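Number of protein chains: 4
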Amino acid sequence: MLSLHNAFIDAQPASQLAQRFQAVRAQTERLIEPLSAEDCQLQSMPDASPAKWHLAHVTWFFETFVLERFEPGFKPFDAGFRVLFNSYYNGVGDKYPRPRRGLISRPSLPEVLDYRRQVNARVLDVIARTDEADRMQLAQLITLGLQHEQQHQELLLTDIQHALSFNPQCPAYAGRWPLASTAPQPVRWHAYGGGLVQHGFDAGLDGDFAFDNETPRHPAYVAPFELASRLLTNGEMLGFIADGGYRRPELWLSMGWDWVQAGQHELPLYWQGEAENYRHFTLQGLQDVDPNTPACHLSYFEADALARWAGARLPTEFEWELAARLLPASGARPGNFVETGAFHPLPQQQASVDAPAQLLGDAWEWTQSNYNPYPGYRPWEGLVGEYNGKFMCNQFVLRGGSCATPQGHVRASYRNFFPPDAQWQFSGVRLARDIQG
Amino acid sequence: MLSLHNAFIDAQPASQLAQRFQAVRAQTERLIEPLSAEDCQLQSMPDASPAKWHLAHVTWFFETFVLERFEPGFKPFDAGFRVLFNSYYNGVGDKYPRPRRGLISRPSLPEVLDYRRQVNARVLDVIARTDEADRMQLAQLITLGLQHEQQHQELLLTDIQHALSFNPQCPAYAGRWPLASTAPQPVRWHAYGGGLVQHGFDAGLDGDFAFDNETPRHPAYVAPFELASRLLTNGEMLGFIADGGYRRPELWLSMGWDWVQAGQHELPLYWQGEAENYRHFTLQGLQDVDPNTPACHLSYFEADALARWAGARLPTEFEWELAARLLPASGARPGNFVETGAFHPLPQQQASVDAPAQLLGDAWEWTQSNYNPYPGYRPWEGLVGEYNGKFMCNQFVLRGGSCATPQGHVRASYRNFFPPDAQWQFSGVRLARDIQG
Amino acid sequence: MLSLHNAFIDAQPASQLAQRFQAVRAQTERLIEPLSAEDCQLQSMPDASPAKWHLAHVTWFFETFVLERFEPGFKPFDAGFRVLFNSYYNGVGDKYPRPRRGLISRPSLPEVLDYRRQVNARVLDVIARTDEADRMQLAQLITLGLQHEQQHQELLLTDIQHALSFNPQCPAYAGRWPLASTAPQPVRWHAYGGGLVQHGFDAGLDGDFAFDNETPRHPAYVAPFELASRLLTNGEMLGFIADGGYRRPELWLSMGWDWVQAGQHELPLYWQGEAENYRHFTLQGLQDVDPNTPACHLSYFEADALARWAGARLPTEFEWELAARLLPASGARPGNFVETGAFHPLPQQQASVDAPAQLLGDAWEWTQSNYNPYPGYRPWEGLVGEYNGKFMCNQFVLRGGSCATPQGHVRASYRNFFPPDAQWQFSGVRLARDIQG
Amino acid sequence: MLSLHNAFIDAQPASQLAQRFQAVRAQTERLIEPLSAEDCQLQSMPDASPAKWHLAHVTWFFETFVLERFEPGFKPFDAGFRVLFNSYYNGVGDKYPRPRRGLISRPSLPEVLDYRRQVNARVLDVIARTDEADRMQLAQLITLGLQHEQQHQELLLTDIQHALSFNPQCPAYAGRWPLASTAPQPVRWHAYGGGLVQHGFDAGLDGDFAFDNETPRHPAYVAPFELASRLLTNGEMLGFIADGGYRRPELWLSMGWDWVQAGQHELPLYWQGEAENYRHFTLQGLQDVDPNTPACHLSYFEADALARWAGARLPTEFEWELAARLLPASGARPGNFVETGAFHPLPQQQASVDAPAQLLGDAWEWTQSNYNPYPGYRPWEGLVGEYNGKFMCNQFVLRGGSCATPQGHVRASYRNFFPPDAQWQFSGVRLARDIQG
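Chains as they are written, first to last, in the numbering used here: chain L, 150 to 586; chain U, 150 to 586; chain Z, 150 to 586; chain E, 150 to 586.
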């Protein structure tokens with residue numbers, strides 16, 4: 150039996166669940182409106198998937214984990230889809246090889262949209278008919294499916310940007326550029342006292358859902374530190390480049406330097422042109438590089454080198470989470486998550502005065518924390534146990550969401566993760582530094 | 150100035166040229182009728198191209214080599230297409246990287262079809278208006294463009310078969326299977342006397358067009374030999390497999406054996422299943438292997454191993470051409486191409502009695518001849534000089550056309566060529582053997 | 150100016166320093182006694198180096214970091230060696246490519262031994278002549294050089310084992326097998342209370358030297374846990390294999406399962422043969438697999454899978470260090486490293502009764518801790534700053550030393566590190582598990 | 150039973166055979182005199198082998214093909230050598246993987262030299278004792294073994310040059326540079342009439358031994374042609390480079406251009422430095438590039454591009470052989486190899502006046518002929534049948550021997566062969582061109 154025991158989810162009224170289901174599902178289809186069937190077919194690298202595959206895979210998730218369990222007399226929409234749209238669940242059976250997803254022209258986009266429609270109707274039917282006894286289980290699995298679909302909404306955007314970038318005619322996905330320019334201002338530093346702090350998902354603070362990798366809530370010691378008031382910008386990246394940043398091994402991790410040399414990296418992903426005249430490919434097509442917009446599409450290697458060049462370092466995920474918890478808007482109180490008596494007061498407590506900007510929803514912020522299990526971590530039981538845990542190796546945690554993350558999807562305890570060479574996400578840099586005792 | 154001086158082409162009446170132009174162009178579009186825009190987007194390996202790319206590239210050929218030269222006030226349909234749909238002409242300028250052709254979702258299929266329509270109209274206009282002085286040049290280039298398009302018609306079929314083969318649902322391209330089964334009969338041997346024989350394109354024998362690689366006509370000595378009465382069949386391939394053919398190094402060229410091991414080849418391309426029950430993927434979908442149909446989709450390595458296993462060898466391209474010339478139906482007479490006095494009569498001349506079957510239009514026949522320039526070979530002048538000559542390295546000649554070759558495209562002097570590991574063409578085997586003196 | 154400010158090193162009398170220098174240097178030469186010049190030339194993979202290169206590189210370290218600084222009128226032994234025997238110090242200049250170290254036949258082994266002799270004499274001379282003012286600096290750098298040489302002593306052994314393993318005649322390096330078999334006994338569990346614990350190098354506990362990566366000493370929270378009484382053995386590995394361990398994806402990290410499939414791993418490194426009759430290649434030649442000897446030469450992936458199969462997990466490096474500190478023999482007291490008032494007492498304190506065996510010197514123990522900088526970490530200043538810090542990415546910490554680690558080299562705070570696919574070290578597994586609150 | 154039926158070898162007196170055996174075997178050992186055991190261990194790429202391996206492999210050849218057959222009560226020197234020193238004879242059994250030959254430190258060089266001594270003594274004993282009935286067979290196999298050893302003598306030199314080239318200290322193998330500079334003189338052209346010409350080994354012309362690939366002698370038609378009076382020189386290569394030869398795709402075969410780009414080739418192998426100051430690594434160490442010395446270490450791609458740049462082409466192997474046969478010194482008469490009545494006289498016959506220089510023994514001359522079987526070719530029977538035939542794919546024929554070829558080893562019918570990207574042989578270019586009829 151499936152049990153998402155680590156996450157706290159209230160049973161919801163059926164009508165509310167149905168409404169959320171419809172809203173998220175509709176949003177996915179809205180994302181492909183600017184795309185043709187041919188666009189939706191593109192796969193530009195093994196790590197990215199065609200938009201059509203995303204549309205089908207998230208539907209497969211509901212079919213496999215919800216309908217198969219809760220629909221009386223379940224029959225699959227198409228028996229072949231079980232293999233074709235399985236991503237990585239060995240427990241479910243065979244999978245179509247990931248690097249070949251772009252070779253699946255059939256089912257066509259219209260057929261996949263039909264698949265979505267039929268599964269939607271059947272899930273709504275299941276929601277309406279499931280009795281009290283199974284309601285909690287059902288709500289948990291549907292909620293998981295919707296969170297999963299939201300993750301794929303973001304991937305759909307990053308993957309289509311990557312795919313379109315190979316077209317020399319630089320087609321635009323949309324008319325507006327998702328990352329906002331801000332008024333130029335120097336980085337300021339926000340100081341935080343450290344101590345033995347509680348980390349991880351807390352239903353009271355973070356809402357009604359979390360992935361298993363955000364649990365269990367647990368104490369970890371954080372030393373006093375400072376966090377930058379904003380993300381690093383393209384302007385600072387221009388300074389790094391002008392200063393020979395891509396040619397100076399002393400700024401890079403050894404593995405990062407190998408990466409620079411093997412890939413002949415001289416500019417961030419999507420950048421082209423010459424100094425004074427750089428342009429970059431965005432979802433809005435080819436654009437001038439704006440110095441006041443957060444730098445993004447950076448690998449961990451680039452983020453780490455940029456931080457070293459700036460005389461600082463990347464934050465740990467616990468430092469980031471501590472700062473995010475202390476946002477005035479979040480209503481959080483230190484008492485909720487700091488062990489009594491263990492908090493180190495700062496000489497001048499600045500954290501409560503104002504808070505760093507851009508913590509949520511601009512660009513994912515690389516942390517220096519490896520994507521590891523929290524102490525006492527247990528993967529979900531059942532087939533969905535493969536969701537997160539098996540990826541805890543050679544990846545780094547990113548925090549805070551990006552301009553491509555769906556509204557309401559991210560929270561202070563949310564842990565995204567990518568290998569250190571991944572560039573195609575909306576990933577940026579916020580600096581941190583130690584407070585010398 | 151362009152000059153296809155090696156090939157013999159009469160100036161034709163404009164109306165006849167226009168008619169041929171329209172017929173070939175229409176045939177290409179007929180080939181994609183069973184395909185969706187998504188199907189036409191697929192590229193399954195660097196050596197294969199999307200159907201949409203084929204449609205556009207052959208049009209680019211007319212735009213670049215005909216319109217640009219003959220149309221007054223020429224303006225390109227889209228300046229970006231010059232790079233996007235250039236295959237390999239360094240003289241024309243930059244080329245979009247071949248392995249990424251499948252990443253071009255825009256222009257869309259409808260846009261490419263519109264490109265075709267507009268270029269068609271403009272070429273027809275040029276045909277109607279070009280005066281006598283340029284007529285020959287124009288006819289030559291249009292004829293070349295049409296021959297070129299016919300080559301891509303065949304590639305379009307082999308490439309789409311390859312692409313669809315990655316779909317686990319084994320979609321069929323068409324309802325009929327292109328290679329015909331024949332009544333079972335053992336291989337018989339046709340004997341040919343040798344001598345100093347003329348090879349290569351002869352306008353009197355071969356019609357009004359040849360590629361430069363078929364010229365110049367030249368003498369080469371052929372020793373007496375025998376040629377098999379038919380192509381090898383799937384039945385014989387089954388025998389090879391059952392006899393451990395894919396596991397016995399002594400049957401293979403050294404490089405072929407490396408290929409078997411590196412690719413873990415145990416069956417021909419597109420075959421699957423177990424002995425007694427093999428099926429293979431065809432343009433008609435997944436089918437039982439019919440033992441009386443010619444074996445095809447064989448690499449040179451497989452063809453060579455199969456011949457060695459059968460106690461014979463592959464023919465040379467000159468042996469094949471000699472036999473094809475002696476076909477009763479061709480009306481050829483030895484006097485036309487054998488040096489006087491140099492022909493070695495056979496004790497019992499069998500060649501005139503009947504002729505080998507399946508010489509033309511079933512499966513391309515691998516020869517043991519490397520794709521080399523004929524003595525005195527000169528590539529065409531001008532930009533089209535890159536058409537053939539620069540590929541004369543590490544490729545083998547195939548002769549005779551296949552079930553996917555357009556009607557009327559192939560001739561006795563026609564030289565197709567592929568590297569020895571290429572499997573995805575309709576390539577088969579006809580045996581030859583020496584006549585011991 | 151060089152400054153190893155993070156490590157605590159007393160100025161030593163010159164005579165004592167000279168004596169230690171001579172002892173360590175002599176030990177390295179003792180290690181190659183069983184080897185021919187040809188053996189010392191072998192490089193079997195980019196990650197491993199020829200024995201001759203080790204001999205020369207550790208000497209280059211003294212020449213570059215000691216003689217160049219302290220020897221009046223310094224002239225290099227051979228100017229080309231600066232490049233040839235630089236491992237990874239970009240600050241020192243060019244480096245000969247690592248994967249090609251096996252292609253350096255000249256200097257010969259006798260020439261390298263002569264290089265050692267001359268540098269030894271010059272270093273001893275420097276030790277004798279350096280005055281008080283520089284004595285501390287000199288002692289620090291020589292101590293670092295000797296610690297460095299000891300690290301290479303272990304690598305020399307693991308690298309030569311790897312190289313000799315490619316010889317089908319399975320030559321033995323030495324007559325004795327370094328890992329000891331022990332009396333069979335089941336794994337028992339030692340329980341530890343957690344709390345906010347001090348980690349990292351402490352001069353009072355750990356002696357007079359540490360690498361920069363062991364510093365600064367800092368608090369980290371450890372939850373109550375249990376640690377296995379001994380390392381896992383070949384007997385347990387046999388159980389894992391017999392239970393289909395190498396064929397069950399659910400036991401592996403996703404990246405580990407990719408590694409199993411890509412490398413077609415079915416047995417641990419150096420194992421061969423069939424069930425009931427496995428043998429493995431050791432420094433002693435080909436040997437039967439003894440079920441009572443610790444399993445070693447395991448990758449992190451294998452260690453992690455083995456732990457999951459056993460229903461447990463790998464320890465963190467902090468759990469391991471806590472247990473190592475509590476060894477009765479070490480004389481450590483909790484008071485030295487546990488924050489006052491923060492220690493969680495266990496219901497039944499077992500840790501003081503007896504201690505886990507094999508914590509030091511049998512096989513390196515994979516931890517689930519990534520090789521990350523400790524909070525507040527600063528690399529050494531100067532050229533030796535490249536020693537450790539730049540490798541802190543995609544590596545895991547191993548603790549405790551192995552049978553190939555030089556006597557006295559390892560300590561409770563010592564952090565070894567390798568990527569998760571590395572197998573050729575003497576790396577094994579000790580299980581840990583949570584204590585459920 | 151072994152039978153080298155294609156080659157003509159007289160039974161020789163035992164004493165003469167023994168004398169030749171000793172001379173060739175001793176010469177191999179003379180070649181390694183400048184080398185240390187470590188030098189003899191080097192393998193710098195899969196295509197090259199360690200000198201020690203060459204020493205052992207040629208001995209294995211005698212042990213396997215001579216002793217095993219002719220020595221009563223044969224016992225192998227070391228049973229493991231059968232696998233270790235087998236190059237590519239599947240019929241003999243397993244082979245040690247070629248790319249790992251450099252990992253075999255044991256047997257040591259002294260042990261391999263001892264292996265040579267013992268096998269030498271046993272072969273001499275067999276020669277002395279074999280009776281009349283087997284004498285012919287024995288002489289054939291020993292002769293083959295000696296020819297084989299001479300081939301490896303040349304490879305030993307090219308392989309050690311390649312290996313030493315990776316040493317930044319550029320060690321010299323020997324004190325003299327093997328390719329001679331000549332007085333500067335422009336290329337002149339020697340004209341040859343064509344016709345139906347006999348090619349291949351002729352005992353009367355070529356002596357008492359040939360490899361199977363030189364047989365059978367057979368007619369082939371050659372059109373009138375001209376051949377350059379000498380090899381192209383470094384001076385002409387300098388012109389090619391200065392003229393942008395490595396940057397102009399129109400000079401290259403398509404596959405050659407891919408090779409240039411993939412390998413970032415800008416200079417010939419072993420060249421370094423800047424224009425006006427090029428140096429190249431030779432067996433004599435690093436030397437200035439002498440413009441009057443034949444260019445060598447060229448790939449087929451480079452040779453073909455150089456010829457195209459010079460407005461000429463590479464000769465066919467039949468053109469080369471025809472010219473080599475007509476050397477005044479060779480005493481050949483057209484009557485011996487030109488079909489009666491088929492020779493095309495030239496208006497002004499120049500061939501008899503003087504002959505091209507450097508045809509034998511300076512640098513191997515790339516021909517445009519693929520390494521194909523001659524019509525009627527049969528590999529030798531028995532195990533040595535793997536000697537040549539299975540390599541007839543994707544290789545080009547080189548003719549004439551080089552400065553590294555042993556004295557007396559090469560002849561007019563001799564066919565060497567390498568893939569078109571091979572550079573490390575002493576391979577150069579002689580131009581040819583058509584005579585327009």
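Quick reminder that beta carbons are idealized off the backbone N, C-alpha and C, glycines included. All values reported here derive from a predicted model rather than from experimental measurement.
Cβ-Cβ distance between residue i and residue j below 8 Å
i: LEU376 of chain L; j: GLU468 of chain L; result: yes
i: LEU400 of chain L; j: ARG457 of chain L; result: yes
i: ARG564 of chain U; j: TYR536 of chain U; result: no
i: SER198 of chain E; j: GLU187 of chain Z; result: no
i: ASP511 of chain E; j: PRO443 of chain E; result: yes
i: PHE219 of chain E; j: LEU287 of chain E; result: yes
i: ARG105 of chain L; j: ASP355 of chain L; result: With chain L represented from 150 up to 586, any question about residue 105 of chain L goes unanswered, as that position is not in the structure.
i: PRO317 of chain Z; j: TYR245 of chain E; result: yes
Spatial distance of residue i from residue j (CA atoms)
i: ALA500 of chain U; j: PRO417 of chain U; result: Bear in mind that a pLDDT of 46 at ALA500 of chain U, under 50, signals an unreliable position, so the model cannot answer this.
i: THR534 of chain Z; j: PRO327 of chain Z; result: Residue identity differs from the one stated: residue 534 of chain Z is Gly in this sequence, not Thr. Rounded to the nearest angstrom, the two C-alpha atoms are 34 Å apart.
i: THR489 of chain E; j: ALA372 of chain E; result: Caution is warranted here: a pLDDT of 47 is assigned to THR489 of chain E, below 50, making its placement in the model unreliable, and no coordinate value can be reported.
i: GLN347 of chain E; j: GLN310 of chain E; result: 38 Å
i: VAL336 of chain L; j: GLN585 of chain L; result: 19 Å
i: HIS429 of chain U; j: TYR395 of chain Z; result: 33 Å
i: ASN441 of chain U; j: ALA329 of chain U; result: 8 Å
i: MET150 of chain U; j: THR307 of chain E; result: The pLDDT assigned to MET150 of chain U is 31, lower than 50, so where the model puts this residue is not dependable, and the model offers no usable value.
Range of the contiguous beta strand (DSSP E) that encloses residue i
i: SER518 of chain E; result: 513-519
Residues bridged to residue i (per DSSP)
i: PHE567 of chain L; result: L:PHE545
i: PRO443 of chain Z; result: Z:THR382
Residue i - containing alpha helix (DSSP H), residue span
i: TRP326 of chain U; result: Per DSSP, TRP326 of chain U belongs to no alpha helix (DSSP H) and is neither H nor E.
i: LEU455 of chain U; result: 449-458
Taking any Cβ of chain L, which residues in the stretch 221-243 of chain U have a Cβ under 7 Å from it, in chain order? GLY229, VAL232, LEU233
Counting only Cβ-Cβ distances shorter than 7 Å, please list the residues of the stretch 168-191 of chain Z near chain E, keeping chain order. SER185, ALA186, GLU187, ASP188, GLN190, LEU191
Of all the residues that make up the stretch 306-318 of chain L, which are near chain U by a beta-carbon distance shorter than 8 Å? ALA312, LEU313, PHE315, ASN316, PRO317, GLN318
Interfacial residues, the stretch 447-477 of chain E to chain U, with Cβ spacing under 9 Å: TYR449, PHE450, ASP453, ARG462, THR465
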